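This report concerns only the one structure given below.
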Amino acid sequence: MATHSEVKAKIEAALPGALVEVEDLTGKMDHFSVKVGSAAFEGKTLVEQHQMIYQALGMGTREEIHALAIQTYKP
Amino acid sequence: MLVPNEVKLEKPATPFNVQQVIKKLVDENQLIVFMKGNSMFPQCGFSAQVVEIFKRMGVEYKTFDALQDEVIRAEIKHFANWPTLPQVYYKQKFIGGCDIVTELYQNGELDKMLAA
Numbered sequence: 001m002a003t004h005s006e007v008k009a010k011i012e013a014a015l016p017g018a019l020v021e022v023e024d025l026t027g028k029m030d031h032f033s034v035k036v037g038s039a040a041f042e043g044k045t046l047v048e049q050h051q052m053i054y055q056a057l058g059m060g061t062r063e064e065i066h067a068l069a070i071q072t073y074k075p
Numbered sequence: 001m002l003v004p005n006e007v008k009l010e011k012p013a014t015p016f017n018v019q020q021v022i023k024k025l026v027d028e029n030q031l032i033v034f035m036k037g038n039s040m041f042p043q044c045g046f047s048a049q050v051v052e053i054f055k056r057m058g059v060e061y062k063t064f065d066a067l068q069d070e071v072i073r074a075e076i077k078h079f080a081n082w083p084t085l086p087q088v089y090y091k092q093k094f095i096g097g098c099d100i101v102t103e104l105y106q107n108g109e110l111d112k113m114l115a116a
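Protein chains in written order, with the UniProt record's numbering: chain H, 1 to 75; chain X, 1 to 116.
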């Protein structure tokens, strides 16, 4: 389980200066949608950008967050 | 039951051969989706969405149901350093999960990529 603000804080900690919007899709803290804008995405593929988000959230092999929709952009 | 586009293994993968088994699936199928369920009965909305995109595009694709093989389901996360399903591979390269494939479809890049 992760709260909305935990998700936001983890991404902001990993990508300083990032613009982070988080939506809890079900209200059950297991399906989130995140939209992240960061200069750190410059020169990275979409796969790499999404991997940066997964890593920020510590989503290795754990399935604490069942589903995460990700949208990234360069501000 | 025979489901169109579905690839099945003769024997389940073992912890000893799982990496080779995944590599072989990716090598032998130009466009393959590791998903939950199959094209007729997807077991997750994200997997269903990817299949729907390929159906609409009319491209030839294969699916592998990771729910049918626990060893592959666990290892596929490490294979492309990607924690979730579905995972799409084209010409042996990981191109993304549901969000990326949807984005590439919507901005027209998927068409170009699959035509290459």
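Every residue, glycine too, gets a C-beta built ideally from N, C-alpha and C. What you are looking at is a predicted structure, and each value in this text was computed from that prediction instead of being measured.
Checklist entry - What runs of the beta strand (DSSP E), each 3 residues or longer, lie entirely inside the segment 14-77 of chain X? => result Correct list: 31-35, 62-65.
Item to check | Q71 of chain H to V71 of chain X span [Cα, whole Å] | outcome: If you number the first sequence from 1, residue 71 of chain H lands on position 71. If you number the second sequence from 1, residue 71 of chain X lands on position 71. If you take the alpha carbons of Q71 of chain H and V71 of chain X, they lie about 30 Å apart.
Checklist entry - Using a C-beta cutoff of 8 Å, does L19 of chain H count as contacting chain X? => result The sequence position of residue 19 of chain H within the first sequence is 19, counting from 1. Contacts with chain X at 8 Å (Cβ-Cβ) do not include L19 of chain H.
Item to check | Secondary structure of T61 of chain H, DSSP reduced to three states | outcome: As a working note, residue 61 of chain H is residue 61 in the first sequence. Because T61 of chain H carries a pLDDT of 42, less than 50, the predicted location of this residue cannot be relied on, and no value is offered for it.
Next on the checklist: Quick check on the burial criterion: 16 or more other C-beta atoms within 10 angstroms. Buried or exposed for N5 of chain X?
Outcome noted: Position 5 of the second sequence, counted from the start, is the residue given in the question as residue 5 of chain X. In this structure N5 of chain X is buried. Its beta-carbon is surrounded by 16 or more other beta-carbon atoms within 10 angstroms.
Checklist entry - If K62 of chain X sits next to I22 of chain X, beta carbons under 8 Å apart, how far is it from one beta carbon to the other, in whole angstroms? => result Here residue 62 of chain X corresponds to residue number 62 of the second sequence, with the count starting at 1. Here residue 22 of chain X corresponds to residue number 22 of the second sequence, with the count starting at 1. Between the beta-carbon of K62 of chain X and that of I22 of chain X there is about 13 Å, and that puts the pair past the 8 Å contact cut.
Next on the checklist: For the pair the segment 96-107 of chain X and the segment 39-47 of chain H, tell me if three or more CB-CB distances fall below 8 Å.
Outcome noted: They touch, by the three-pair rule.
Item to check | Span of the beta strand (DSSP E), counted from its first residue to its last, around K93 of chain X | outcome: Numbered from 1 along the second sequence, position 93 holds the residue referred to as residue 93 of chain X. Segment 93-96, the beta strand (DSSP E) holding K93 of chain X.
Next on the checklist: If I measure Cβ to Cβ from A13 of chain H and keep anything under 6 Å in the same chain, skipping five residues before and after, which residues do I get?
Outcome noted: Numbered from 1 along the first sequence, position 13 holds the residue referred to as residue 13 of chain H. If we look at A13 of chain H and ignore the five residues flanking it on each side, it has no Cβ neighbours.
Next on the checklist: According to DSSP, simplified to helix, strand and coil, what is V88 of chain X?
Outcome noted: Looking up residue 88 of chain X in the second sequence gives position 88. In this structure, V88 of chain X counts as strand in the three-state DSSP scheme.
Checklist entry - Which bits of chain H does I100 of chain X rub up against, with CB to CB less than 7 Å? => result On the second sequence, residue 100 of chain X is found 100 positions in, with the first residue counted as 1. Chain H residues near I100 of chain X: L46, V47, H50.
Checklist entry - Could you give the distance in angstroms between the alpha-carbon of P75 of chain H and the alpha-carbon of A18 of chain H? => result Here residue 75 of chain H corresponds to residue number 75 of the first sequence, with the count starting at 1. Here residue 18 of chain H corresponds to residue number 18 of the first sequence, with the count starting at 1. The straight-line gap from Cα to Cα measures roughly 9 Å.
Checklist entry - Counting only beta-carbon atoms, is A13 of chain H nearer than 8 Å to chain X? => result For this step, residue 13 of chain H is matched to residue 13 along the first sequence. With respect to chain X, the C-beta atom of A13 of chain H has no partner C-beta closer than 8 Å.
Checklist entry - Going by DSSP, which residues form a beta bridge with Q71 of chain H? => result Looking up residue 71 of chain H in the first sequence gives position 71. DSSP output for Q71 of chain H lists H:K35 as bridge partner(s).
Checklist entry - Any C-beta of chain X sitting closer than 8 Å to the C-beta of M29 of chain H? => result Within the first sequence, numbered from 1, the residue matching residue 29 of chain H stands at position 29. So, not an interface residue.
Item to check | Contact residues within the segment 35-61 of chain X, judged by C-beta distance below 9 Å to chain H | outcome: Against chain H - using a Cβ distance shorter than 9 Å - the residues of the segment 35-61 of chain X are C44, G45, F46.
Next on the checklist: Checking 8 Å against the spacing of the C-beta atoms, do K47 of chain X and K55 of chain X come in under that value?
Outcome noted: Walking along the second sequence from the start, residue 47 of chain X turns up at place 47. Walking along the second sequence from the start, residue 55 of chain X turns up at place 55. The question names Lys, but residue 47 of chain X in the sequence shown is Ser. In this structure, K55 of chain X does not lie closer than 8 Å to S47 of chain X by Cβ.
Item to check | Cβ pair V3 of chain X, M40 of chain X closer than 8 Å | outcome: What you label residue 3 of chain X is simply residue 3 of the second sequence in a count that begins at 1. What you label residue 40 of chain X is simply residue 40 of the second sequence in a count that begins at 1. Yes, these two residues count as a Cβ contact at 8 Å.
Checklist entry - Listing by chain order, which chain H residues have their CB less than 7 Å from the CB of N107 of chain X? => result In the second sequence, residue 107 of chain X corresponds to position 107, counting from 1. The premise fails here: N107 of chain X is roughly 10 Å from chain H at the closest Cβ pair, so nothing lies under 7 Å.
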